[in-house]
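Participant: Please read through the structure below; I'll follow up with questions.
2 protein chains.
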Amino acid sequence: MSERAERAERKRPTGDGGPSASGSDFLQLNADRAPTGGKADWLARQLRLAIADGRLRVNSRLPPTRVLAVELRVSRGVVIEAYRRLTEEGHVEGRRRGGTVVVAAPFGPTPPEGTRPHRAPPRPTDTADRSRPGTLFSGAPGADVFDALRAAPARVDFAPGRPDLAAFPRTAWLRAERAVLAGLSADDLGYGDPRGTPQLRHAVAGWLRHTRGLRVEPDEVMIVAGTAQALTLLHPALRADGIDGVAVEDPGSLGTRQHLSNGGLATPPVAVDDEGVRVDALRATAARAVLLTPAHQFPTGVVTSGERRRALLDWARDGGLILEDDYDAEHRYDRPPVPALRALLADHVCYLGSVSKLLAPALRIGWMVPPPRYREALTEAKRFTDLGNSVLPQLVLARLIETGELERHLRLLRGRHSRRRDAMIDALAEHLPGATVHGAAAGLHLTVTYAPDVPDTDLAAAALAHGVKCQPLSWHRQLPGPPGLVLGYAAAPPGVIADGVAALGAALRELS
Amino acid sequence: MSERAERAERKRPTGDGGPSASGSDFLQLNADRAPTGGKADWLARQLRLAIADGRLRVNSRLPPTRVLAVELRVSRGVVIEAYRRLTEEGHVEGRRRGGTVVVAAPFGPTPPEGTRPHRAPPRPTDTADRSRPGTLFSGAPGADVFDALRAAPARVDFAPGRPDLAAFPRTAWLRAERAVLAGLSADDLGYGDPRGTPQLRHAVAGWLRHTRGLRVEPDEVMIVAGTAQALTLLHPALRADGIDGVAVEDPGSLGTRQHLSNGGLATPPVAVDDEGVRVDALRATAARAVLLTPAHQFPTGVVTSGERRRALLDWARDGGLILEDDYDAEHRYDRPPVPALRALLADHVCYLGSVSKLLAPALRIGWMVPPPRYREALTEAKRFTDLGNSVLPQLVLARLIETGELERHLRLLRGRHSRRRDAMIDALAEHLPGATVHGAAAGLHLTVTYAPDVPDTDLAAAALAHGVKCQPLSWHRQLPGPPGLVLGYAAAPPGVIADGVAALGAALRELS
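Those protein sequence lines, which keep their order, are chains A and R. When we follow my numbering, the leftmost residue of the first sequence carries the number -12, and every step to the right adds one. When we follow my numbering, the leftmost residue of the second sequence carries the number -12, and every step to the right adds one.
Here you go:
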């Protein structure tokens, strides 16, 4: 934990005086019910459930390991191991003087029918006048909704998916560009390989091996203009393969779903629970392809569990295709990297990544590692789409990877982003004390859910009236579920985050 | 004419001792047949016909104006005016000591049936093994043919469409990039307007006004990844408009035709004669859209005549759509610019341009100015395709335009390219004396046609065996016509051009 975050910790009103759980009858846990040899598993699961259902609130402290071990009559190693797992998952965080604190809730299974109001997802409307902020959140979001939200004036922008762009490595970029221009041949400036320059494909293969455990050859890598383009290129290849729909996570990215629909593909929703996408529900859709964000589910932040990964791979082996959108896998704070699914099943996983969350969306550089059988069709599609990405940015990026500059930049970002995440968690605890925070172990955003009496589109509209931009969770849902907000923290400094979250709290109080 | 070209002129074997037409009975012209007040028109047409049918060969000198005026009993002004028109069209060139010399033939109408062998266009084949140079030109060209030709090893590359890439303004680019990075806001690095950055759209609007006489607002300009992408974006918009085919010039670009076919659009051919595309033949196709290269037809180099332009605009006013591919309009040598059709009929012309032939294809930056009714659909298509072009190259290009660097670069290129064109014309006169040269007034390539006894695919294959890459004219035809080669001269220095053309001559002699 950084010094700055520690200061924030000490200042936090709910800090030292905050809620703490006593170990004596802590959650009425009884370790006698745990299977022998599986006590750490059992304890981690009990704690996860307690965080999910609100018995353990964000910001509350867990009992010291020594105390809980004595209470439960288990070895201290069992408690340490359980806490370690929750830390890796991003649910709790070790703070030197503050003990082990709950920072975010796992994304729980949808509660049984009837326990909360269900809102049918609104239908798309073309008549909403998106030029007025008030109408941005009325009706279902159209294809231009992100452009419209971007264009809306606001003091604070919590739109998810943007890294800290003020940290963009301008000097390193210019230095790399100078070296690239000096070494460029005339042939490099002509029409090139539509799959990307050999230099960048080589560098990306190395980067994926190094950061994602993906052993791929440069020839397997295809450079594209971001994940949006990867999907555009995939549409005809999927259709040629007899695939007319791609199942999507629910909640799951609205932008991705709009993209697939625009390509004429059905997008049956599959519920996400605290272990990842539900494979039983996936099988029930009969879809032959699914788009997943397994390393850090968007927007819930769920990390796909080991068991669920195995079930997914079984599903794929039976003839399924997984589109693995590894959209922010590099941004992790308190846990080791989750290996990519592509590393385990090359023939059934199409891996997608980009620099949008690593350097800047404006670069429009991404990559895909498709199953071998799609390679030729994708190359042809890329040729007809644009004859290949712009070459200079490709060569500059290759150099940033090879010289280690990109990795240095990522380390810098991790530090900055984790301080901003902490600032947002603190501010949420102060200003939206009733809300539950999800997905804090990685990424560039948090998702909060709250009691279902205020529709999240109303809250987002009220927030915008208060000068704060954020996305309602319902935008990212096809299935019913509790309202919430998706809050990007990476692009705003801690002071702005505190200000913005305070405005969110005021907006929610007005509506409640 | 440059000093270097003049030296080449003096050295040329067919120079001083070359063929010259006597004025006394020059072409059996009789000015009495000319309409009063239209004598310059008449003379220009007679000379054009004589160049087209070979009575006046490339490299032959026209009679001095004073001599011809006396012979024809017309005023000297009439002859000067006729020579001036031919110069503007690129058919003749004034050379200080060499008089007025024929440099290129107009692209004549297809001769009547039966006067030369007709070859049916070959059908596409997927079985050709394109990795072996010998098979590159067997069967009809597939979608990867340009990649395969690019990958083929060769000493000399006459592939058309590449400017002199060794002249790429590296220093100016880097200087502009430094300024751009220094002035960049964090917002500039985020997700932006899919239509392009405001800076570049503003700069391109100014560039089009200045170089092409096109008065457009920045809001009408859309930045795309080259003309290939513009066509990809147009496909769904055209289909939504009930257009299922786009007529194409014949001869006309193979790449463009492949692109349209890949988008599921029919490509009925329309013959090109020495005034441009034949509007009567266009009407006969019943196509509702046509793709044209009116300023410098690819590959023939024909400049659409005034009368033909009027006929085209009439056709468009009756409900037709013109896709105006202004692919190398900036590269003209001996004639004033031809205004863009878009300037005259905004609602029926979709204008397409790019920097591929101005700076480098590798930049993948182009623009389109669509008819207003297509604007929204195209914006949506661009959003789904890639969310917009890469931003840094856009901003750098905007700066190069605004600081005048791009115009300086264009002036530099014009000088270099016109010397290379002269070197190629000279070499063709020496090594392929029986061939006819077309399209020398502008652009980056020449087209030569020759007697029909050797298929041009055989000649191109033999040339590749001699280490020279070029494209057979038949690739760019759907209708039958004489064989020929399309020869890019802009990317090779004069010495290499002479070497390459000598090898073409040797290849043709082997096959004849």
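C-beta atoms are modelled at their ideal positions from N, C-alpha and C, and glycine is treated no differently. The structure presented is a predicted model; accordingly, all values stated were derived computationally and were not measured.
#1: So that I know if they touch, is there some Cβ in chain R lying closer than 9 Å to that of V361 of chain A?
#2: Return the chain-ordered list of same chain residues with a C-beta closer than 6 Å to the C-beta of R182 of chain R, the five sequence neighbours on each side being excluded.
#3: Find the residues of chain R that neighbour Q216 of chain A, judging by a C-beta separation of less than 7 Å, and give them in chain order.
#4: So which residues on chain R does D486 of chain A lean against when the C-beta distance must stay under 7 Å?
#5: In the DSSP assignment, the beta strand (DSSP E) including S248 of chain R goes from what residue to what residue?
#6: Rounding to the nearest angstrom, what Cα-Cα distance links G148 of chain A and G475 of chain A in this structure?
#7: Buried or exposed for L399 of chain R, going by 16 or more other Cβ atoms inside 10 Å?
#8: Closer than 9 Å by beta-carbon distance: list the chain R residues that pair up with Y556 of chain A, in chain order.
#9: When you compare each of A:G250, A:A166 and A:H432 to R319 of chain A by their alpha carbons, which one comes out closest?
#10: Where does Q15 of chain A land, buried or exposed, given buried means 16+ other C-beta within 10 angstroms?
#11: Looking only at its chain, what residues have a beta carbon closer than 6 Å to the beta carbon of H189 of chain A, apart from the 5 residues adjacent to it on each side?
#12: Once the 5 residues before and after A115 of chain R are set aside, which same chain residues still bring their CB inside 7 Å of it?
#13: Taking only beta-carbon atoms, is D116 of chain R less than 9 Å away from chain A?
#14: Counting only runs of 4+ residues fully inside the region 352 to 440 of chain A, write out the alpha helix (DSSP H) ranges in chain order.
#15: Can you give the Cα-Cα distance for P470 of chain A and L331 of chain A, rounded to whole angstroms?
#16: Using C-beta distances below 8 Å, list every residue in its chain close to V167 of chain R, excluding the 5 sequence neighbours before and after it, in chain order.
#17: Hey, does W160 of chain R have any beta-carbon neighbour from chain A nearer than 9 Å?
#18: Between R199 of chain A and N46 of chain A, what straight-line distance do the alpha-carbon atoms span, to the nearest angstrom?
#19: So, with DSSP's three-state summary, where would you put S461 of chain A?
#20: DSSP on K512 of chain A, reduced to helix/strand/coil?
#21: For the beta strand (DSSP E) that E49 of chain A lies in, which residues bound it at each end?
#22: What is the DSSP secondary structure of I210 of chain R, counted as helix, strand or coil?
#23: Beta-carbon of H396 of chain R versus every beta-carbon of chain A: anything under 9 Å?
#24: Name the two residues that bound the continuous alpha helix (DSSP H) containing T87 of chain R.
#25: Give the range of the alpha helix (DSSP H) segment to which I309 of chain A is assigned.
#26: For my contact list, G177 of chain R and L152 of chain A are in at a C-beta cut-off of 8 Å; report their separation, rounded to the angstrom.
#27: Consult DSSP for I179 of chain R and reduce its assignment to one of helix, strand or coil.
#28: In whole angstroms, what is the alpha-carbon distance linking S172 of chain R and L161 of chain A?
#29: If you measure from the beta carbon of L379 of chain R to each beta carbon in chain A, is any gap under 9 Å?
#30: Can you tell me whether S118 of chain R is buried or exposed? The criterion is at least 16 other CB atoms within 10 Å of its CB, across all chains shown.
#31: Using DSSP with H/G/I as helix, E/B as strand and the rest coil, what is P185 of chain A?
#32: When burial is assigned at 16 or more other CB atoms within 10 Å of the CB, is T23 of chain A buried or exposed?
#33: Are the region 368 to 378 of chain R and the region 210 to 218 of chain A touching by the rule of at least three beta carbon pairs closer than 8 Å?
#34: Starting from the beta carbon of H246 of chain A, find every residue of chain R whose beta carbon is closer than 8 Å, and list them in chain order.
#35: Among residues of its own chain, excluding the 5 on either side of A427 of chain R, which ones have a beta-carbon nearer than 7 Å to its beta-carbon?
#36: Against P480 of chain A, what residues of chain R qualify as contacts under a CB-to-CB distance less than 9 Å, listed in chain order?
Facilitator: Once the coordinates are examined:
#1: Residue 361 of chain A is actually Tyr in this sequence, not Val. False, the Cβ-Cβ gap to chain R never drops below 9 Å.
#2: M209 and T366
#3: T372 and D373
#4: Under the 7 Å cutoff, chain R gives no residues; its nearest Cβ is about 17 Å from D486 of chain A.
#5: Annotation: S248 of chain R is outside any beta strand (DSSP E); the continuous alpha helix (DSSP H) that includes it extends over L241 to N249.
#6: 7 Å
#7: exposed
#8: With chain A represented from -12 up to 499, any question about residue 556 of chain A goes unanswered, as that position is not in the structure.
#9: A:H432
#10: exposed
#11: P205
#12: Confidence is the limiting factor: at A115 of chain R the pLDDT is only 40, short of 50, which leaves the residue's position unreliable, though a coordinate-based value still follows. Cβ-Cβ distances below 7 Å link A115 of chain R to T122, S125 and G126 in the same chain, with the five nearest sequence neighbours on each side left out; the list follows chain order.
#13: Low per-residue confidence applies at D116 of chain R: pLDDT is 44, beneath 50, and the placement is therefore not dependable, though the value from the model is reported in the following sentence. No, D116 of chain R does not count as interfacial toward chain A.
#14: 362 to 373, 378 to 389 and 392 to 418
#15: 36 Å
#16: Taking V167 of chain R as the centre and dropping the five residues before and after it, the same chain places the C-beta of L379, L382, V383 and R386 closer than 8 Å to its C-beta, in chain order.
#17: yes
#18: Distance between the alpha carbons of R199 of chain A and N46 of chain A is about 31 Å.
#19: helix
#20: Any property of residue 512 of chain A remains undetermined from this structure, which presents chain A solely from -12 to 499.
#21: Residue identity check: residue 49 of chain A is Leu in the sequence provided, not Glu. Per DSSP, L49 of chain A belongs to no beta strand (DSSP E) and is neither H nor E.
#22: strand
#23: no
#24: T87 of chain R -> not in any alpha helix (DSSP H); beta strand (DSSP E) instead, spanning G86 to V89.
#25: Unbroken run through I309 of chain A is the beta strand (DSSP E), L308 to D312; no alpha helix (DSSP H).
#26: Right, their Cβ atoms sit about 6 Å apart.
#27: Ile is not the amino acid found at residue 179 of chain R; the sequence shown has Gly there. Here G179 of chain R sits in coil by DSSP.
#28: 16 Å
#29: It does; some Cβ of chain A falls within 9 Å.
#30: In this prediction, S118 of chain R scores a pLDDT of 44, lower than 50, which makes its location untrustworthy; the coordinate-derived value is nonetheless stated afterwards. S118 of chain R is exposed by the Cβ-count criterion.
#31: It is helical.
#32: exposed
#33: yes
#34: Those within 8 Å of H246 of chain A in chain R are F371.
#35: Around A427 of chain R: G77, V90, A91, G288, R408, I412 and L433.
#36: Those do not exist, as P480 of chain A stays about 11 Å from chain R at its closest Cβ, beyond 9 Å.
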